[in-house]
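**Student:** So the sequence lines, in the order shown, correspond to chains A and B.
Everything in the first sequence is counted per the working numbering, starting at -16 for the first residue and increasing by one.
Everything in the second sequence is counted per the working numbering, starting at 1419 for the first residue and increasing by one.
Even glycine gets a Cβ: it sits at the ideal position worked out from N, Cα and C.
Remember, it's a predicted structure, so these values are computed and weren't measured experimentally.
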Amino acid sequence: MYYLKLVLRNALRHKLRTGLTVLGIFVAILAFGLLRTVVESWFAGAENASTTRLVTRNAISLVFPLPITYGERIRRVEGVIGVSHANWFGGVYVSEKNFFPQFAVDAATYLPLYPEYRIPPEQMKAFLLDRKGCVVGRKLALQYGFKVGDLVPLRGTIFPGTWQFVVKAIYDGADAKTDTSQFFFHWDYLNETLKKTVPRRANSVGVYIVGLDQASHAPSVSAAVDQMFRNSLAETLTETEKAFQLGFVAMTEAIVVAIQIVSFLVIFIIMAVMANTMAMTARERLAEYATMKALGFGPGRLMTLIFGESLAIALAGAAAGICATYPVADWFAAKLGTLFPVFGVSPHTVIMQVGAALLVGMVAALFPGVRAARLRIVDGLRNIG
Amino acid sequence: MPGAPIVQIRHLFKSYRRGGQVVPVLHDLSFDIAQGEFLALMGPSGSGKSTLLNLIAGIDKPDSGELRIDEEEISRLSESELADWRSANIGFIFQFYNLMPVLNAFENVELPLLLTGLGKRDRRERVELALEMVSLTDRAAHYPSELSGGQQQRVAIARAIITDPLLIVADEPTGDLDRVSAGDILGLLERLNSEMGKTVVMVTHDQRAAERAHLVKQLEKGELAQSTMPRATA
Chain A
-16 MYYLKLVLRN ALRHKLRTGL TVLGIFVAIL AFGLLRTVVE SWFAGAENAS TTRLVTRNAI
44 SLVFPLPITY GERIRRVEGV IGVSHANWFG GVYVSEKNFF PQFAVDAATY LPLYPEYRIP
104 PEQMKAFLLD RKGCVVGRKL ALQYGFKVGD LVPLRGTIFP GTWQFVVKAI YDGADAKTDT
164 SQFFFHWDYL NETLKKTVPR RANSVGVYIV GLDQASHAPS VSAAVDQMFR NSLAETLTET
224 EKAFQLGFVA MTEAIVVAIQ IVSFLVIFII MAVMANTMAM TARERLAEYA TMKALGFGPG
284 RLMTLIFGES LAIALAGAAA GICATYPVAD WFAAKLGTLF PVFGVSPHTV IMQVGAALLV
344 GMVAALFPGV RAARLRIVDG LRNIG
Chain B
1419 MPGAPIVQIR HLFKSYRRGG QVVPVLHDLS FDIAQGEFLA LMGPSGSGKS TLLNLIAGID
1479 KPDSGELRID EEEISRLSES ELADWRSANI GFIFQFYNLM PVLNAFENVE LPLLLTGLGK
1539 RDRRERVELA LEMVSLTDRA AHYPSELSGG QQQRVAIARA IITDPLLIVA DEPTGDLDRV
1599 SAGDILGLLE RLNSEMGKTV VMVTHDQRAA ERAHLVKQLE KGELAQSTMP RATA
């Protein structure tokens, strides 16, 4: 208790200096937490991917479609319990800045493969009965104010024309990690329109979603599917949903790496600031350390006091920074809209923030701690008067 | 009355390195300090009196020679052994008091007791007694910045005696005080010596302070020049 009192009183000795240092750590830990949250959000799709779903796409590139006839053949592969298909639509709602993912899906087979999307039965029924109906996620509905019955026009970019949809259902996520920023409509509506407007693009799908009976069958099913279409006009590449998502992340890897580097740089900078503060503090107290040593306090006890003070300052700033991360992340998520389907501070991020604060506190105390431990009493006592 | 030797110094040498040069400070010093003695070390600046005090207090080590305190050859102790030895045997009084500014008078006096393993209640009793001895009971909650120089030095004296040490070393204890406060402090040191039987070794420039000691040893260029007994000659 006595030592704790001494540590805290020493920490508060120069209130302005300590206050500014705590403020610096607060900002650094907050920035670090937000940047880590951005990085984690980048990987959220891959991290939350199901292990019992595979994605089959054209082996050349995702932009090349696959024939609709592949579906039935994939369904016959051992270990497959369901197959569905989807097309990326890429429409624009009012203006380009209103980005959200839109998929034309075979609703009857697609949605059962995604049990994490929770749709009220009556809304599901209404959606299945309306060819121009669509399902929107809760986050998307909140952002644009979509309600059941609303008309949503999308201007096609990949599939030209203006497309009208009626919101028939709003889905919620099974948990906070579920992406509820998506827009689904009937693939049949897209296909029938294409038959009339661009017949050569009809009867093709962007990807097949393959449901597995168990995750361990993923390698064998992937190999079997791709083997089945080898040497065909449209060879396939089948991969786990996670690998498929990571493929998208890889396209923007340089940005993620840059954000990661900046997040660690922020910690490094505050570490230097904090180390300077502690070095200054220790330099001013050499006479006190010498006096304590003269009284019989060993190097270990002095180091404990210095490390304690450094950690107290670092953790005070970190506690405030961590507490502020949540509301700031919420505000950030609201501003970002559906750019990140899932944007929330994870326990892992908080652990990293605490770890960074501990590291800053320890490293900052290292030099002054060692200096105090090695201080010759007679040299320290000369610093008086 | 002084008794058997408590400090035995034999052929003590000490030098410092300054700018690559070896500067001798103490040269072949030999003498004893008796138990219960009140010794004043005097001499011009650079004569080695503070260095000698530091060696006796165990905060510096000699180059060669023997330095026995209560039969313990302290020059052979390791740093950690010396720290333990100091906490048990030496009470320090510094010229500038050297109190911890963030601790109040009570807590400053309590500081050395943290190394003793005493419980909180025992520590409190001892600190209250020590503060009473230096007539500062009513100032226990005051911080050093709220005390006069004389009061701060009295807190430092209470801190020096709190562990009931064998030896009290005082480096210019009145050097930063006015005459009245200096008189109070010297009176306290006399009481510690006469009433509690503490051995006191004091470095001073002040002739009046030295006159309160039983024995005055003059150092010049690292050697003992002369010894006088002020009270005997008074």
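(1) Taking its Cβ as the centre, do 16 or more other Cβ atoms sit within 10 Å of I57 (chain A), making it buried, or is it exposed?
(2) Return the CA-CA distance between L1430 (chain B) and A1458 (chain B), expressed in angstroms with no decimal places.
(3) Counting contacts by CB-CB distance shorter than 9 Å, is E1564 (chain B) in contact with chain A?
(4) Between which two residues does the alpha helix (DSSP H) holding E1608 (chain B) run?
(5) Determine whether the Cβ of M275 (chain A) lies closer than 9 Å to any Cβ atom of chain B.
(6) For R36 (chain A), which option in A:L123, A:I334 and A:F227 has the closest C-alpha, if you only look at C-alpha atoms?
(7) Under 8 Å from any heavy atom of the ligand NAP, does the C-beta of P143 (chain A) make it?
(8) Grouping DSSP H, G and I as helix and E and B as strand, with all else coil, what is I252 (chain A)?
(9) Is there at least one Cβ from chain A nearer than 9 Å to I1427 (chain B)'s Cβ?
(10) Could you have a look at D362 (chain A) and say whether DSSP puts it in helix, strand or coil?
(11) Less than 6 Å between C-beta atoms, sequence neighbours within five positions excluded: which residues of the same chain meet that for I367 (chain A)?
(12) Please compile the residues from chain A whose C-beta is within a distance smaller than 8 Å of the C-beta of P1530 (chain B).
(13) F1510 (chain B) touches chain C at which residues, Cβ-Cβ below 8 Å?
(14) Which residues, in order along the segment 1565 to 1592 of chain B, keep a beta-carbon less than 7 Å from a beta-carbon of chain A?
(15) Quick one: using the 10 Å Cβ neighbour count with 16 as the cut-off for buried, is E224 (chain A) buried or exposed?
(16) Mind the definition here: the segment 13 to 21 of chain A touches the segment 207 to 221 of chain A only if three or more C-beta pairs lie below 8 Å; say whether that holds.
(17) Output the distance between the C-alpha atoms of Q106 (chain A) and V66 (chain A), rounded to the nearest integer angstrom.
(18) Is F212 (chain A) helix, strand or coil when you go by DSSP?
(19) Should the segment 1423 to 1437 of chain B be called in touch with the segment 1447 to 1457 of chain B, which here means at least 3 C-beta pairs below 8 Å?
(20) Report the three-state DSSP secondary structure of A91 (chain A) (helix, strand or coil).
(21) At 9 Å on the CB atoms, spell out the chain B contacts of E292 (chain A), in chain order.
(22) Check whether the segment 160 to 178 of chain A and the segment 117 to 126 of chain A are in contact - that is, three or more C-beta pairs closer than 8 Å.
(23) Use the C-beta contact count for N1472 (chain B): other C-beta atoms within 10 angstroms, 16 or more gives buried, fewer gives exposed.
(24) Using alpha carbons as the reference points, say which of A:K115, A:A347 and A:T260 lies closest to K(-2) (chain A).
(25) With a threshold of 9 Å between beta carbons, is D1488 (chain B) in contact with chain A?
(26) Have a look at the DSSP bridge pairing and note the partners of G116 (chain A).
(27) Quick check: the segment 1555 to 1562 of chain B against the segment 1517 to 1525 of chain B, are there 3 or more CB pairs under 8 Å?
(28) What did DSSP end up calling N31 (chain A) once you bin it into helix, strand or coil?
(29) With N1526 (chain B) as the anchor, note down where its beta strand (DSSP E) starts and where it stops.
(30) Along the alpha helix (DSSP H) that carries R1544 (chain B), what are the first and last residues, could you check?
(31) So if DSSP puts S187 (chain A) in a beta bridge, which residue, or which two residues, is it bridged to?
(32) Please check if any C-beta of chain A sits within less than 9 Å of the C-beta of A1652 (chain B).
(33) Using CA atoms only, rank isn't needed, just tell me which of A:V249, A:F142, A:A299 and A:I242 is closest to V181 (chain A).
(34) With K1479 (chain B) as the anchor, note down where its alpha helix (DSSP H) starts and where it stops.
(35) Is the Cβ-Cβ distance between A297 (chain A) and L(-9) (chain A) less than 9 Å?
(36) Based on Cα-Cα distance, which residue from A:I253, A:V46, A:P202 and A:P84 lies nearest to V5 (chain A)?
**Tutor:** On the basis of the coordinates in this document:
(1) The count along the first sequence starts at 1 and reaches residue 57 (chain A) at position 74. It counts as buried.
(2) The residue given as residue 1430 (chain B) occupies position 12 in the second sequence. The residue given as residue 1458 (chain B) occupies position 40 in the second sequence. Answer to the nearest angstrom: the Cα atoms are 19 Å apart.
(3) Residue 1564 (chain B) sits at position 146 when you count from the first residue of the second sequence. False, the Cβ-Cβ gap to chain A never drops below 9 Å.
(4) Translated into the one-based positions of the second sequence, residue 1608 (chain B) becomes position 190. Element bounds for E1608 (chain B): R1597 to S1612.
(5) If you number the first sequence from 1, residue 275 (chain A) lands on position 292. Yes, because at least one Cβ of chain B sits closer than 9 Å to the Cβ of M275 (chain A).
(6) In the first sequence, residue 36 (chain A) corresponds to position 53, counting from 1. Measuring from the Cα of R36 (chain A), the nearest candidate turns out to be A:F227.
(7) As for the ligand NAP, it is missing from this structure, which has no ligand bound.
(8) Counted from its first residue, the first sequence places residue 252 (chain A) at position 269. In this structure, I252 (chain A) counts as helix in the three-state DSSP scheme.
(9) The sequence position of residue 1427 (chain B) within the second sequence is 9, counting from 1. No, I1427 (chain B) does not count as interfacial toward chain A.
(10) For the purposes of this step, residue 362 (chain A) is taken as residue 379 along the first sequence, with counting starting at 1. It is helical.
(11) By 1-based counting over the first sequence, the position of residue 367 (chain A) is 384. Low local confidence applies: a pLDDT of 48 at I367 (chain A) is under 50, so the model's placement there is unreliable, with the coordinate-based value given in what follows. Result list for I367 (chain A): A270, in chain order.
(12) Residue numbering aside, residue 1530 (chain B) sits at position 112 when the second sequence is read from its first letter. Neighbours of P1530 (chain B) on chain A, chain order: L278 and G279.
(13) Included in the structure are the protein chains A and B, with no chain C among them.
(14) none
(15) If you number the first sequence from 1, residue 224 (chain A) lands on position 241. Result: buried.
(16) no
(17) Translated into positions along the first sequence, residue 106 (chain A) becomes position 123. Translated into positions along the first sequence, residue 66 (chain A) becomes position 83. Going by the C-alpha atoms only, they are around 23 Å apart.
(18) Working through the first sequence from its first residue, we reach residue 212 (chain A) at position 229. Note: F212 (chain A) maps to coil in three-state DSSP.
(19) yes
(20) What you label residue 91 (chain A) is simply residue 108 of the first sequence in a count that begins at 1. If DSSP states are grouped into helix, strand and coil, A91 (chain A) belongs with the helices.
(21) Along the first sequence, read from residue 1 onward, the residue named residue 292 (chain A) stands at position 309. Under the 9 Å cutoff, chain B gives no residues; its nearest Cβ is about 11 Å from E292 (chain A).
(22) yes
(23) Position 54 of the second sequence holds residue 1472 (chain B). Buried, because 16 or more other Cβ atoms sit within 10 Å of the Cβ of N1472 (chain B).
(24) Working through the first sequence from its first residue, we reach residue -2 (chain A) at position 15. Among A:K115, A:A347 and A:T260, the Cα nearest to that of K(-2) (chain A) belongs to A:T260.
(25) Locating residue 1488 (chain B) in the second sequence gives position 70, where the first residue counts as 1. Output row for D1488 (chain B): interface = no.
(26) Walking along the first sequence from the start, residue 116 (chain A) turns up at place 133. BP columns for G116 (chain A) point to A:V149.
(27) yes
(28) Indexing the first sequence from 1 puts residue 31 (chain A) at position 48. N31 (chain A): coil per DSSP, three-state reduction.
(29) Here residue 1526 (chain B) corresponds to residue number 108 of the second sequence, with the count starting at 1. Not the beta strand (DSSP E): N1526 (chain B) falls in the alpha helix (DSSP H), residues A1523 to E1528.
(30) Walking along the second sequence from the start, residue 1544 (chain B) turns up at place 126. That run of the alpha helix (DSSP H) goes K1538 to M1551.
(31) As a position in the first sequence, residue 187 (chain A) is number 204, starting the count at 1. Its beta-bridge partners are A:P50.
(32) Residue 1652 (chain B) sits at position 234 when you count from the first residue of the second sequence. With a pLDDT of 45 at A1652 (chain B), under the threshold of 50, the modelled position of this residue cannot be trusted, and the question is left open.
(33) As a position in the first sequence, residue 181 (chain A) is number 198, starting the count at 1. The residue with the shortest Cα to Cα distance from V181 (chain A) is A:F142.
(34) Along the second sequence, one-based indexing puts residue 1479 (chain B) at 61. Careful: K1479 (chain B) lies outside any alpha helix (DSSP H) and carries neither H nor E.
(35) Translated into positions along the first sequence, residue 297 (chain A) becomes position 314. Translated into positions along the first sequence, residue -9 (chain A) becomes position 8. Result no, Cβ atoms of A297 (chain A) and L(-9) (chain A) do not sit closer than 9 Å.
(36) For this step, residue 5 (chain A) is matched to residue 22 along the first sequence. Minimum Cα distance to V5 (chain A) is reached at A:I253.
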